[in-house]
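For the sequence shown, the residue numbers in the UniProt record's numbering are 1 to 410. The beta-carbon is built from N, C-alpha and C at its ideal position, and this holds for glycine as well. No experiment lies behind these values; they were computed from the predicted model shown.
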Amino acid sequence: MGCRPRDAEGDRRCMTDGNDAKRRLPTQLVGAGRRSEWTQGIVNVPVWRASTILYEDMAAMGAVGDDTHHRLYYGRRGTPTQWSLADALTQLEPGAAGTLLYPSGVAAVTMALLSVLAPGDELLMVDSTYGPTRAFCARQLKTFGITTRYYDPTIGAGIAELIGERTRAVFMESPGSLTFEVQDVPAIVAAAKARGLVTLLDNTWATPLFFPAMAHGIDLTILACTKYVVGHSDVMLGSVTAAPDRWENLRATTYGFGQCVSPDDAYLGARGLRTMDVRLARHHDNGLKVARWLAEQPEVTRVLHPALPDCLGHELWVRDFKGASGLFAFELDGGDETERAALIDALELFGIGYSWGGFESLAVPADPVRTAAKWEGAGLLVRLHVGLEDADDLIADLAGGLAAFRTARG
Ligand SMILES: *Cc1c(COP(=O)(O)O)cnc(C)c1O
Numbered sequence: 001m002g003c004r005p006r007d008a009e010g011d012r013r014c015m016t017d018g019n020d021a022k023r024r025l026p027t028q029l030v031g032a033g034r035r036s037e038w039t040q041g042i043v044n045v046p047v048w049r050a051s052t053i054l055y056e057d058m059a060a061m062g063a064v065g066d067d068t069h070h071r072l073y074y075g076r077r078g079t080p081t082q083w084s085l086a087d088a089l090t091q092l093e094p095g096a097a098g099t100l101l102y103p104s105g106v107a108a109v110t111m112a113l114l115s116v117l118a119p120g121d122e123l124l125m126v127d128s129t130y131g132p133t134r135a136f137c138a139r140q141l142k143t144f145g146i147t148t149r150y151y152d153p154t155i156g157a158g159i160a161e162l163i164g165e166r167t168r169a170v171f172m173e174s175p176g177s178l179t180f181e182v183q184d185v186p187a188i189v190a191a192a193k194a195r196g197l198v199t200l201l202d203n204t205w206a207t208p209l210f211f212p213a214m215a216h217g218i219d220l221t222i223l224a225c226t227k228y229v230v231g232h233s234d235v236m237l238g239s240v241t242a243a244p245d246r247w248e249n250l251r252a253t254t255y256g257f258g259q260c261v262s263p264d265d266a267y268l269g270a271r272g273l274r275t276m277d278v279r280l281a282r283h284h285d286n287g288l289k290v291a292r293w294l295a296e297q298p299e300v301t302r303v304l305h306p307a308l309p310d311c312l313g314h315e316l317w318v319r320d321f322k323g324a325s326g327l328f329a330f331e332l333d334g335g336d337e338t339e340r341a342a343l344i345d346a347l348e349l350f351g352i353g354y355s356w357g358g359f360e361s362l363a364v365p366a367d368p369v370r371t372a373a374k375w376e377g378a379g380l381l382v383r384l385h386v387g388l389e390d391a392d393d394l395i396a397d398l399a400g401g402l403a404a405f406r407t408a409r410g
């Protein structure tokens, strides 16, 4: 970046080099969070490990005051390594006040919710939400006296009819987990804002590259960074990025619960972020190629991929999204769980395992759980994460899986 850290003029240039919101996102991904006072000229912000921070004298200790944001204070509040990744994620969402990091995506979801809700409140939760988010509502929120009301992911502006006296917030996840319904986020946000509700979005599937959440009026946008930010299946990490009027509450809640992440994990998150744009472009292309091929197969009734017309809310994806990631599902024509297992077991390039967003392809059975409305599925689902391998190799592998499915069915 041509940064000269010891020169005041150079310092300013360095801070704006990759840090310029007017530059396009791929450029920002390369430079974001690389402040010269944190890098000291090294390309990547190093791993600053700390619990104790030593102060020069008592006056210096007293001078830190209450605002510890981006100031060395105590390890729990982070060091430049964590601040750098958080800053970079904030920069990807113009209008945001700040980002905090969490030890997992689930921790990010739960802290975002707890920063908004109080006993007696009601939460409107999308019915296609991630399983552990549903579980948190059913257990922890319930014991805190917070009720959850599930709404159909296709509800759009109709959400207005569900808003009552006690409703405090609307949680969205678009597309939804396992079934990939794309939500009408602008319509839901408009209805929520009209009634003074807080809006939250789990944006893990799209990331800010494919769906800019703040630009769509979201107050708290959540990423399971474990997925595409880290991108290499080796770190657990989450983030919440807040609009200005939610930032103080998010910080107070997060600090109160003692949430923090290790600098090593933040370092790997930042390292993954630098290549997220090129990886997502490949996930987009590969995913679509595989999805289109699957849609032509006689064993497949539907492909639930937001960029294909069979997916609920496909037209909203066309309207609002800049791309599709590598995660989608397909529905089998007949077959039971054993026969579905035969399909997945026959795959050689698709690993069998939880999570997604790494460089490698994965396949798991997907069985949606619903509260608001029954999932209208004609057959069993298989969820794929299409990785960075050659798409034709993946297609050949899936052809082998479908052959095993046919054989198992007899
Ligand atoms: C994986 C996932 C999470 C949770 O992330 P972890 O880092 O695994 O805790 C949250 N939301 C969505 C949509 C996810 O897919």
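Give me the Cα-Cα distance between A391 and V382, rounded to the nearest whole angstrom.
18 Å
When burial is assigned at 16 or more other CB atoms within 10 Å of the CB, is R71 buried or exposed?
exposed
Can you tell me which of the three DSSP states D393 falls into?
helix
Indicate the three-state DSSP secondary structure (helix, strand or coil) for A213 in the structure shown.
coil
Secondary structure at I159, three-state DSSP: helix, strand or coil?
helix
Output yes or no for whether 9 Å exceeds the beta carbon distance between L237 and Y102.
yes
Buried versus exposed, by CB contacts within 10 Å (16 or more), A242:
buried
Could you give the residue range of the beta strand (DSSP E) that holds I352?
Taken as a continuous stretch (DSSP letters only), I352 belongs to no beta strand (DSSP E), as it is neither H nor E.
Check whether the Cβ atoms of R168 and L123 sit closer than 9 Å, and answer yes or no.
yes
DSSP three-state label for A32, please.
coil
Bridge partners of S239, per DSSP?
L101 and L223
If contacts are defined as beta-carbon pairs under 8 Å, then L349 and D397 qualify, I think. What distance do you get, rounded to the angstrom?
4 Å
Q28 and A88 - do their beta-carbons sit closer together than 9 Å?
yes
My output table needs one value for F136: the three-state DSSP class, helix, strand or coil.
helix
Ignoring anything shorter than 3 residues, give me the beta strand (DSSP E) runs that lie fully in the region 180-207, in order along the chain.
198-202
Is it right to say Y354 is buried, meaning 16 or more other beta carbons lie within 10 angstroms of its own, or is it exposed?
exposed
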